[in-house]
Amino acid sequence: MKKIILAQVLTAKGKTEFSGLYDRHGNAVIVEVERDSNGVSLIVWQDEQKKQHFDCGISEEEIQRTCAMFDDCGDCPLKEYCESEVLKQN
């Protein structure tokens, strides 16, 4: 994973957002820093708009059957679908 160092100085009340960042699971996140009369807040949330949802259009039984036909996940046509399911579970 590439490390990114960002610097931002808030000298007055206001907020700034950093996009193009990802959590440890590879999901896009937005980081917002806001300064008001109470202090500074740091908020990190998942960017749902950019999150991909895979739908292969077949039943769970068909997915299992297809999966069983391949010894190596690298050759399976459902590899991306399975990877997205694993990320959802974590």
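Here the sequence shown is numbered in this note's numbering, starting from 1 and rising by one per residue.
Glycine is no exception: its CB is placed at the ideal position from the N, C-alpha and C atoms.
Review point. Which residues does DSSP pair with GLN46 in a beta bridge?
Key: By 1-based counting over the sequence shown, the position of residue 46 is 46. Answer by DSSP bridge pairing, in chain order: VAL29.
Exercise for review: Identify which residue in THR11, HIS25, ILE30 has its Cα closest to the Cα of GLU83.
Suggested key: Residue mapping note: residue 83 aligns to position 83 of the sequence shown, counting from 1. The shortest C-alpha separation from GLU83 is found at HIS25.
Point to revise | Whole-angstrom distance between ILE30 and LYS13, CA atom to CA atom | key: Your numbering for residue 13 matches position 13 in the sequence shown. Your numbering for residue 30 matches position 30 in the sequence shown. Rounded to whole angstroms, LYS13 to ILE30 spans 20 Å at the Cα level.
Exercise for review: Check the C-beta distance from VAL33 over to LEU10 and give it rounded, since I have them as a contact under 8 Å.
Suggested key: Here residue 33 is taken as the residue at index 33 of the sequence shown, counted from 1. Here residue 10 is taken as the residue at index 10 of the sequence shown, counted from 1. Yes, VAL33 and LEU10 are in contact; Cβ-Cβ is about 7 Å, under 8 Å.
Review point. With respect to the alpha helix (DSSP H) encompassing THR66, which residues constitute its N-terminal and C-terminal limits?
Key: Within the sequence shown, residue 66 is the residue found at index 66, counting from 1. Note, THR66: alpha helix (DSSP H), 60 to 68.
Review point. Helix or strand or just coil, what does DSSP make of ASP36?
Key: The residue labelled residue 36 in the question sits at position 36 within the sequence shown. In this structure, ASP36 counts as strand in the three-state DSSP scheme.
Point to revise | Member of ASP71, ILE5, LYS3, TYR81 whose CA lies at the smallest distance from the CA of GLU60 | key: In the sequence shown, counting from the first residue as 1, residue 60 sits at position 60. Nearest option by C-alpha distance: TYR81.
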